[in-house]
Every structure is written in structure tokens, then in C-alpha cells.
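Asks: Every letter in the sequence shown is one number past the one before it in the numbering used here, and letter 187, counting from 1, is 188.
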Amino acid sequence: MVSRLEHPAGGYKKIFESCDELAEPIPAHVSGKIPAWLTGSLLRVGPGLFEIGDEPFYHIFDGQALIHKFDLKDGHVTYYRRFIRTDAYVRAMTEKRIVITEFGTAAYPDPCKNIFSRFFTYFQGIEVTDNCLVNIYPIGEDFYACTETNYITKVDPDTLETIKKVDLCNYLSVNGVTAHPHTEPDGTVYNIGNCFGKNMSLAYNIVKIPPPQDDKSDPIEKSKVLVQFPSSERFKPSYVHSFGMTENYFVFVETPVKINLLKFLTYWSIRGTNYMDCFESNDKMGTWFHLATKNPGEYIDHKFRTSAFNLFHHINCYEDQGFIVVDLCTWKGHDFVYNYLYLANVRQNWEEVKKAAMRAPQPEVRRYVLPLDIHREEQGKNLVSLPYTTATAVMCSDGSVWLEPEVLFSGPRQAFEFPQINYKKYCGKNYTFAYGLGLNHFVPDRICKLNVKSKETWIWQEPDAYPSEPLFVQSPDAKDEDDGVLMSIVVKPGVTQRPAFLLILNATDLTEIARAEVDVMIPVTLHGMYKP
Numbered sequence: 002m003v004s005r006l007e008h009p010a011g012g013y014k015k016i017f018e019s020c021d022e023l024a025e026p027i028p029a030h031v032s033g034k035i036p037a038w039l040t041g042s043l044l045r046v047g048p049g050l051f052e053i054g055d056e057p058f059y060h061i062f063d064g065q066a067l068i069h070k071f072d073l074k075d076g077h078v079t080y081y082r083r084f085i086r087t088d089a090y091v092r093a094m095t096e097k098r099i100v101i102t103e104f105g106t107a108a109y110p111d112p113c114k115n116i117f118s119r120f121f122t123y124f125q126g127i128e129v130t131d132n133c134l135v136n137i138y139p140i141g142e143d144f145y146a147c148t149e150t151n152y153i154t155k156v157d158p159d160t161l162e163t164i165k166k167v168d169l170c171n172y173l174s175v176n177g178v179t180a181h182p183h184t185e186p187d188g189t190v191y192n193i194g195n196c197f198g199k200n201m202s203l204a205y206n207i208v209k210i211p212p213p214q215d216d217k218s219d220p221i222e223k224s225k226v227l228v229q230f231p232s233s234e235r236f237k238p239s240y241v242h243s244f245g246m247t248e249n250y251f252v253f254v255e256t257p258v259k260i261n262l263l264k265f266l267t268y269w270s271i272r273g274t275n276y277m278d279c280f281e282s283n284d285k286m287g288t289w290f291h292l293a294t295k296n297p298g299e300y301i302d303h304k305f306r307t308s309a310f311n312l313f314h315h316i317n318c319y320e321d322q323g324f325i326v327v328d329l330c331t332w333k334g335h336d337f338v339y340n341y342l343y344l345a346n347v348r349q350n351w352e353e354v355k356k357a358a359m360r361a362p363q364p365e366v367r368r369y370v371l372p373l374d375i376h377r378e379e380q381g382k383n384l385v386s387l388p389y390t391t392a393t394a395v396m397c398s399d400g401s402v403w404l405e406p407e408v409l410f411s412g413p414r415q416a417f418e419f420p421q422i423n424y425k426k427y428c429g430k431n432y433t434f435a436y437g438l439g440l441n442h443f444v445p446d447r448i449c450k451l452n453v454k455s456k457e458t459w460i461w462q463e464p465d466a467y468p469s470e471p472l473f474v475q476s477p478d479a480k481d482e483d484d485g486v487l488m489s490i491v492v493k494p495g496v497t498q499r500p501a502f503l504l505i506l507n508a509t510d511l512t513e514i515a516r517a518e519v520d521v522m523i524p525v526t527l528h529g530m531y532k533p
């Protein structure tokens, strides 16, 4: 699964360039044969505008949100895209400058105002971005684009029109939620976000949004907090990008990458500070695992500890014989990986990109196993008895349980990231296959498949081709876990015609089934979904 390709031409830089939206869908040129059952829409979001006039955005997570759609019907494919009309985008277009602070870019007062107006602008409090460039998912009968703040944006999946902005703080006690909720078969949505708990200390709430309502009312209005996890530090919550869910439990991994809340609340109002300025790493805490039951929602006060790592994406987790198995895409150490994702870094020449990746935390796919039945008298003994894993859990003298992982995949500066599974059938269950985007020194240059039981791997790769997160779509007559297709948007900047395409792979062996090429460049996309 390790990439053997080099990228001296630097074609990857093109996926970090601005583009225009389209006035109408454009037809794609299809080669191969698209399965007759594959009729629906691939919806993706990501940054599409990397500067406002002469003012650049600085981080990969700053560009203004662009929603993409590939429609598939009767073997034909069209492509369409539009900028999401968030407040951040509309005001920037109106004032021709960056108005709202983004993840790694600070907004400054209007230079046309006099000095007194500019001074008071700094003290009007924090204006949180609604730039929903990270993911899109359904709630009830509706679809929402999201980032990681308290704002989500309702969009029309057919026309890509922006419908309305929703502030989750109006319904829930959270400061923001992740862009990776979990959804049950009936449409119930779970998510996690930090909040103020007892005595004004920080905590993390699991929130529940019910399924579509018989009376057609908005499920968000009936949202509730299900259970609360404590924070290891009172005023410094960990950065949370995703969480795990089995049939009966929630799994929360608290990493040493922290948000300094006092800095966030004070520096922001005084000077030009952005979100990235408020992150810091606790080099002493390591990583903590937390568990809670789903029904009823109750926190389990077991102290699971392990060495420090960054975590953005859970692959899957499941229960087995009194244990919870947790598979993760980790990055070793406490240094924040996002420090290496500034646009100035990812737009460098290939040799400089490689040098930066040498300094960054190293990626590793890991399996951790958490015992549910813990006895203090078993100090020093490995509590894990599952025969198929080398992961261990050892009781320490202070009552904590020290976890050591089984490594499922590791390659120097070669990441298996943006993981996907057959979510519909195997989320929270014992599974075999994971699919992911292969990052070669942070450059996405292959699609990967991993057998988490045997560690066998498969890849799809072409020279000077830069794919996106592969989404798994199960075939209607599926008998095996991997019966289906993978869908990914691929960019080939070096070709003169049709430089981007929708790639459809056989999920069993990653052989190509079809591609639908379009005569426009497509910038990087982060996450998305398939809508049948």
C-alpha cells in the first residue's frame, strides 16, 4: 500500500487553486460501463476559493465552501458545482475582503473605517465562521453542509442552492460539533462537541437528533444531550474530529492536541488571532480513551491510557466477547498535524513537501482493544484474550489500564486516511475491509483497500493523478462485505483535455469499472456522501 510514485512536476498544486462555479450541469465523457443500478448523486464539499481579491487564505481548511455533484442516470453522468452562500462567503464577496476569521486566516476590520470604528470592531466578540467546507450529511429529510463550529447549512441536494443557516446552540448545549456524525438505519443522528460542564469546566456532550418525524417537523428541534464525557483539563478541551460508535457504546478518544480556551476568548478580541493560534499540545498527558453506554446514556469511569497521538478519523469499532475493538487512523506524537497543512506547505515543490513530511508526525493505522470487565487485582496482566489481535490492555497500580495497539498498516510518511467502510451494514460491527485515501508525504496519490484481519492491501494508482476520499456504495444484490463500488473524484492536472473525472472502481479488487471525465479542473474535496 506504499506509494512508489514521485511528483517532481508538482501537479498536486493545482488542487489548491480557486475555480469558478458552474451556471448549469455539464455532461461528462464516460468510458467503461457504469452499473445499471448505480443511479444517484455523489455529493462532495471542499474549499473552492483560496483568496478574496488580493487577500489570500493561508490554511487548507480556510477556502470558501464549494459543493460538487456528479449525477448518474442510465449510464450518463453530469457534473455541477456551486459555492455555498454562507455568511462568510456572501459578506466576503460583498465587501471584497475576508470578513470572518477562518481556521488559519484572521479577518481584520474594514480598512475604510476610521481608527475609532476599527478599534471598537475588535471588541464586539468572536464571530464564528459558518464556512461549511468539511462534509455533508442528512438530518431527517434534509441535507446539511458542515464545518466544525456550531453552524450547519441546509442545502438542496438537487439544485445545490443554499437554503438556510442553522445555529445548533439554539437547540443543544455545545460549542460546536464534529463533521463526522454517526447515523443509525432509522435516521437517528449522533454527534459530539465540547461544552461547559459542571463548575464551568469543559466537557464533551454526545448529542442525539431523532429520525424523520411523522408530522414532518424538524428533527433538530427535538435534539437532546444523551451523555457527557469529562475533560482531562478544565479550560483546555481536546480537538475532536470524529468519534466511535458500536451497537451499545460510544467511544471518545481524547488526544493531547488542545484548544486553549482562555486564549480563544481573550486574544481573539484583542488582536488578529485565528483558530490555529489557539491550539497547543500537552506533551505529558498521552491519549485517553473514554466509554459510555448508548441506552441509557451513561459514562463508564474506566481510565484507559496510551501514548500520545493525533487522531482525525475513526475507521470502525465493534464489540466482541466483552471487549471493544477500536480501529483508528493515527499520527504518532503530540505535535499537531494541521501545522503542516498550511497552503504554503502543500504548494511547495516536491522535494520541499517531502522534507516537511519528514518533520511531521508519522501516520499509522492502529487497533486498540478495551476490556469492559476490569478487575484491579489483575495488575500487570494483559486483559485482552481475543485470539486474533496482538493489542494489549494492562492494569496499572493506579487503577488505569494501559493500552498498546496492534499496527494494521505502517509506512514511512505513507498515510491511510479518510477511511470508509461498508457503513450501511458494518458500522459498529465486526468487519473485514476498510478503504482509504493514500497520502504520500501529504499528497493524495492513490486509493487503498485494507483487510484489517489479514493486513492484505490493494491499491489503485496512476501517474500524476490525485484522487479524493473513496466512498463505498453497496451493490443491491450484495452477498459479501465488499460487494459494491468505490467512487472518487480524481484530478490529472497534466493532461490537456478533461483534467478531472469521477472514478468508479470494483471494491473487491480495485479494478476500474468506469470513469466520467469533465473538461474543468476540480479543486480538492474533503468529504461527502452518495445519495441514491
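For every residue, glycine included, the Cβ atom is placed at its ideal position computed from N, Cα and C.
Can you tell me the Cα-Cα spacing of L67 and V453, whole angstroms?
Replies: Sequence index remark: in the sequence shown, residue 67 carries index 66 (1-based). Sequence index remark: in the sequence shown, residue 453 carries index 452 (1-based). The alpha-carbon atoms of L67 and V453 are separated by roughly 34 Å.
Asks: From Y123 to F410, what does the alpha carbon distance come to, in whole angstroms?
Replies: Taking the sequence shown and counting its residues from 1, the one referred to as residue 123 is at position 122. Taking the sequence shown and counting its residues from 1, the one referred to as residue 410 is at position 409. For Y123, the predicted model reports a pLDDT of 43, less than 50, meaning its position is unreliable; a value from the coordinates is still stated below. Distance between the alpha carbons of Y123 and F410: 47 Å.
Asks: If you drop the 5 nearest sequence neighbours on each side, which residues of the same chain put their C-beta closer than 6 Å to that of S118?
Replies: Here residue 118 refers to the residue found at position 117 when the sequence shown is read from its first residue. Unreliable placement is indicated for S118, whose pLDDT of 39 sits below 50; no coordinate value is reported for it.
Asks: Alpha carbon to alpha carbon, what distance is there between E185 and A108?
Replies: Taking the sequence shown and counting its residues from 1, one reaches residue 108 at position 107. Taking the sequence shown and counting its residues from 1, one reaches residue 185 at position 184. Approximately 39 Å, taken between the alpha carbons.
Asks: Applying the criterion that 16 or more other CB atoms from any shown protein chain within 10 Å of the CB defines a buried residue, is D399 buried or exposed?
Replies: As a first step, residue 399 is located in the sequence shown; it is residue number 398 there, counting from the start. With fewer than 16 Cβ atoms within 10 Å of its Cβ, D399 is classed as exposed.
Asks: If you draw a straight line from the alpha carbon of P211 to that of H183, how long is it in whole angstroms?
Replies: Here residue 211 is taken as the residue at index 210 of the sequence shown, counted from 1. Here residue 183 is taken as the residue at index 182 of the sequence shown, counted from 1. Whole-angstrom Cα-Cα distance: 12 Å.
Asks: From K285 to C330, what distance separates their C-alpha atoms?
Replies: To locate residue 285, count along the sequence shown from 1; it is residue 284. To locate residue 330, count along the sequence shown from 1; it is residue 329. Roughly 21 Å between the two C-alpha positions.
Asks: Helix, strand or coil for I101 per DSSP?
Replies: Here residue 101 refers to the residue found at position 100 when the sequence shown is read from its first residue. DSSP places I101 in coil when its eight states are reduced to three.
Asks: Can you tell me whether L43 is helix, strand or coil according to DSSP?
Replies: For this step, residue 43 is matched to residue 42 along the sequence shown. If DSSP states are grouped into helix, strand and coil, L43 belongs with the strands.
Asks: Is the separation between the beta-carbon of Y81 and that of K70 shorter than 8 Å?
Replies: Translated into positions along the sequence shown, residue 81 becomes position 80. Translated into positions along the sequence shown, residue 70 becomes position 69. Yes, they are a contact pair.
Asks: According to DSSP, what are the bridge partners of E518?
Replies: The count along the sequence shown starts at 1 and reaches residue 518 at position 517. In the DSSP output, where bridge partners are listed per residue, E518 has H30 and F502.
Asks: Report the option in I35, T526, T307 and A435 whose CA atom is closest to the CA atom of Y369.
Replies: The count along the sequence shown starts at 1 and reaches residue 369 at position 368. Here the closest residue by C-alpha is T307.
Asks: Which word fits P533, buried or exposed, when buried means at least 16 other C-beta atoms lie within 10 angstroms of its C-beta?
Replies: Residue mapping note: residue 533 aligns to position 532 of the sequence shown, counting from 1. P533 is exposed by the Cβ-count criterion.
Asks: Taking the alpha carbon of H30 as the point to measure from, which residue in G287, G105 and L503 has its own alpha carbon closest?
Replies: Walking along the sequence shown from the start, residue 30 turns up at place 29. Ranking the options by Cα distance to H30, first place goes to L503.
Asks: Please report the distance separating the alpha-carbon of D302 from that of H291.
Replies: On the sequence shown, residue 302 is found 301 positions in, with the first residue counted as 1. On the sequence shown, residue 291 is found 290 positions in, with the first residue counted as 1. Their backbone Cα atoms lie some 8 Å apart in a straight line.
Asks: Closest by CA to F104, which one among N346, F473 and T274?
Replies: As a first step, residue 104 is located in the sequence shown; it is residue number 103 there, counting from the start. When each option's Cα is compared against that of F104, the closest is T274.
Asks: So the candidates are D219, N195, K225 and Q214; which of them puts its Cα closest to the Cα of L262?
Replies: Looking up residue 262 in the sequence shown gives position 261. The shortest Cα separation from L262 among D219, N195, K225 and Q214 belongs to N195.
Asks: Take T102 and list the residues in its own chain whose beta-carbon comes closer than 6 Å to its own, dropping the five residues that flank it on each side.
Replies: In the sequence shown, residue 102 corresponds to position 101, counting from 1. For T102, where only same-chain residues beyond five positions count, the Cβ hits under 6 Å are A108 and N275.
Asks: Where do the ends of the beta strand (DSSP E) carrying W38 lie?
Replies: For this step, residue 38 is matched to residue 37 along the sequence shown. Per DSSP, W38 is not a residue of any beta strand (DSSP E), being assigned neither H nor E.
Asks: Suppose the cutoff is 8 Å on Cβ atoms and the five residues either side in sequence are ignored; what does the same chain contact list for Q229 look like?
Replies: Indexing the sequence shown from 1 puts residue 229 at position 228. Cβ neighbours of Q229 beyond the five flanking positions: C196, G198, A204, Y205, N206, I207 and Y300.
Asks: Measuring alpha carbon to alpha carbon, tell me which residue in L384, E25, D446 and Y343 is nearest I61.
Replies: Residue mapping note: residue 61 aligns to position 60 of the sequence shown, counting from 1. If we check each option's Cα against that of I61, Y343 comes out closest.
Asks: Going by DSSP, what residue range makes up the alpha helix (DSSP H) through P492?
Replies: Counted from its first residue, the sequence shown places residue 492 at position 491. Note on identity: in this sequence residue 492 is Val, with Pro being the wrong assignment. Unbroken run through V492 is the beta strand (DSSP E), G485 to V492; no alpha helix (DSSP H).
Asks: Based on the DSSP output, what are the partners of M246 in its beta bridges?
Replies: As a position in the sequence shown, residue 246 is number 245, starting the count at 1. Partner(s): F251.
Asks: I need the DSSP call for C279, collapsed to helix, strand or coil.
Replies: Indexing the sequence shown from 1 puts residue 279 at position 278. C279: helix per DSSP, three-state reduction.
Asks: By the three-class DSSP mapping on this structure, what secondary structure does E378 have?
Replies: What you label residue 378 is simply residue 377 of the sequence shown in a count that begins at 1. Correct three-state label for E378: helix.
Asks: What number of angstroms, rounded off, separates the C-alpha of K14 from the C-alpha of R348?
Replies: Within the sequence shown, residue 14 is the residue found at index 13, counting from 1. Within the sequence shown, residue 348 is the residue found at index 347, counting from 1. So the two alpha carbons sit approximately 5 Å from each other.
Asks: Here's the rule I'm using: 16 or more other beta-carbon atoms within 10 Å means buried, otherwise exposed. How should V408 be labelled?
Replies: For the purposes of this step, residue 408 is identified with residue 407 of the sequence shown, where counting begins at 1. With fewer than 16 Cβ atoms within 10 Å of its Cβ, V408 is classed as exposed.
Asks: Check whether the segment 318 to 333 and the segment 424 to 431 touch, using three or more Cβ-Cβ pairs below 8 Å as the test.
Replies: yes
Asks: Touching or not, the segment 346 to 360 and the segment 9 to 29, by the rule of three or more beta carbon pairs under 8 Å?
Replies: yes
Asks: Give me the Cα-Cα distance between E96 and T87, rounded to the nearest whole angstrom.
Replies: On the sequence shown, residue 96 is found 95 positions in, with the first residue counted as 1. On the sequence shown, residue 87 is found 86 positions in, with the first residue counted as 1. Roughly 14 Å separates the two Cα atoms.
Asks: Just the Cα atoms here: how many angstroms apart are V492 and W403?
Replies: Translated into positions along the sequence shown, residue 492 becomes position 491. Translated into positions along the sequence shown, residue 403 becomes position 402. Approximately 43 Å between the Cα atoms of the pair.
Asks: Just the C-alpha distance for R5 and K355, rounded to the nearest angstrom, thanks.
Replies: As a working mapping, residue 5 is identified with position 4 in the sequence shown. As a working mapping, residue 355 is identified with position 354 in the sequence shown. Going from the Cα of R5 to the Cα of K355 covers about 13 Å.
Asks: Under three-state DSSP, which class holds N423?
Replies: In the sequence shown, residue 423 corresponds to position 422, counting from 1. Here N423 sits in coil by DSSP.
Asks: CA-CA distance, S476 and L511?
Replies: The residue given as residue 476 occupies position 475 in the sequence shown. The residue given as residue 511 occupies position 510 in the sequence shown. One C-alpha to the other measures close to 15 Å.
Asks: For V340 and T294, which I take to be in contact (beta-carbon distance under 8 Å), what is that distance rounded to the nearest angstrom?
Replies: Locating residue 340 in the sequence shown gives position 339, where the first residue counts as 1. Locating residue 294 in the sequence shown gives position 293, where the first residue counts as 1. Sequence inspection shows Asn at residue 340; the Val mentioned does not correspond to that position. Actually they do not touch by this definition, with Cβ atoms about 36 Å apart.
Asks: What are the complete beta strand (DSSP E) segments, minimum 3 residues, inside the segment 421 to 475?
Replies: Those beta strand (DSSP E) runs which fall completely within the segment 421 to 475 and span 3+ residues are 434 to 441, 444 to 452, 458 to 461 and 472 to 475.
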